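Engineer:
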Amino acid sequence: GAVVSQHPSRVICKSGTSVKIECRSLDFQATTMFWYRQFPKQSLMLMATSNEGSKATYEQGVEKDKFLINHASLTLSTLTVTSAHPEDSSFYICSAILNTEAFFGQGTRLTVV
Amino acid sequence: RKEVEQDPGPFNVPEGATVAFNCTYSNSASQSFFWYRQDCRKEPKLLMSVYSSGNEDGRFTAQLNRASQYISLLIRDSKLSDSATYLCVVNARNTDKLIFGTGTRLQVFP
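The listed protein sequences correspond, in order, to chains U and L.
To convert a position in the first sequence, counted from 1, into this note's numbering, add 27.
To convert a position in the second sequence, counted from 1, into this note's numbering, add 49.
1. Please go through the same chain and pick out, in chain order, the residues whose beta-carbon is closer than 8 angstroms to the beta-carbon of Cys40 of chain U, but skip the five residues on each side of it.
2. Mark Cys121 of chain U as exposed unless 16 or more other C-beta atoms lie within 10 angstroms of its C-beta, in which case mark it buried.
3. Alpha carbon to alpha carbon, how far is Thr84 of chain U from Val99 of chain L?
4. According to the neighbour-count rule (16 or more other Cβ atoms, all chains shown, within 10 Å of its Cβ), is Ser42 of chain U buried or exposed?
5. I want to verify the contact list: residues of chain U whose CB lies under 7 angstroms from the CB of Glu92 of chain L, in sequence order.
6. How long is the line joining the alpha carbons of Pro93 of chain L and Ser102 of chain L, rounded to whole angstroms?
7. Please list the partners that Phe149 of chain L has in chain U, where partner means a Cβ-to-Cβ separation under 7 angstroms.
8. Check each candidate in L:Pro57, L:Gln118, L:Thr110 and name the one with the smallest Cα separation from Ala133 of chain L.
9. What are the residues that DSSP puts in a beta bridge with Asp106 of chain L?
10. Which residues in chain L sit within 7 angstroms of Thr59 of chain U, going by Cβ to Cβ distance?
11. When DSSP builds the beta bridges, which residues end up paired with His26 of chain U?
12. Applying a beta-carbon distance threshold of less than 7 angstroms, which residues of chain U neighbour Gly152 of chain L?
13. Under a Cβ-count criterion, where at least 16 other Cβ atoms within 10 Å of its own Cβ denotes burial, should Leu71 of chain U be classed as buried or exposed?
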């Protein structure tokens with residue numbers, strides 16, 4: 028089946044630093060990818076839609092200057108959390124759609140200390 | 050009101066039991082419906098799509114009631130390996146955006 032690979036799976040960083048998370052579609056091309064965030068015991072919340080070759084579309088309340096998204100190729104989207112703060116600590120997960128089914132990356136657990 | 054609402058549970062059931070989860074959605078334009086399963090600290094995985102006529106996959110049966118904007122999942126003969134969080138997911142017409150419920154946690158005990 029289709030595979031979406033996300034890296035890194037876990038990262039710990041200091042407050043004020045930036046962290047880049049990569050999401051790759053391994054055996055299919057994805058013009059659109061989605062980035063979600065999940066806090067403990069809460070649902071996945073859509074942060075933004077990443078569009079290949081154009082600007083990402085952000086959901087209401089998500090700061091586009093803080094969560095930079097780049098979708099430079101049909102198989103790669105990146106999310107950069109800039110100037111991270113402890114409240115940004117969360118589980119970040121990407122997905123891509125193939126034939127109406129959503130496939131998810133393995134997720135990145137970010138801890139900001 | 051949340052777009053997709055689920056009882057968070059947990060539902061604690063013995064092996065072999067039948068358990069049902071319900072989900073309601075607020076957007077009447079929603080067109081596609083799914084149940085995903087998420088294990089602890091893992092990514093969600095598609096369990097089954099939900100069709101208007103209802104559908105079954107082994108021990109799992111999903112039903113959709115568009116008039117009431119209600120989706121259900123029935124699990125028969127529960128196994129220990131069914132322990133997970135079950136996410137109700139919908140998307141709107143002509144969009145790939147998925148809206149997730151908070152999930153219903155199931156714990157099957159021996």
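The C-beta atom is built at its ideal place from N, Cα and C for all residues, glycine as well.
Bear in mind the structure is a predicted one, so any value in this text is a computation, not a measurement.
Structural biologist: On the basis of the coordinates in this document:
1. Val46, Ala111, Leu137, Thr138, Val139, Val140
2. buried
3. 28 angstroms
4. exposed
5. Ile120, Phe131, Gly132, Gln133, Gly134
6. 25 angstroms
7. Ser70, Leu71
8. L:Pro57
9. L:Phe109
10. Asp145
11. Residue 26 of chain U falls outside the range modelled here, since chain U spans only 28 to 140, and no answer is possible.
12. Ser70
13. buried
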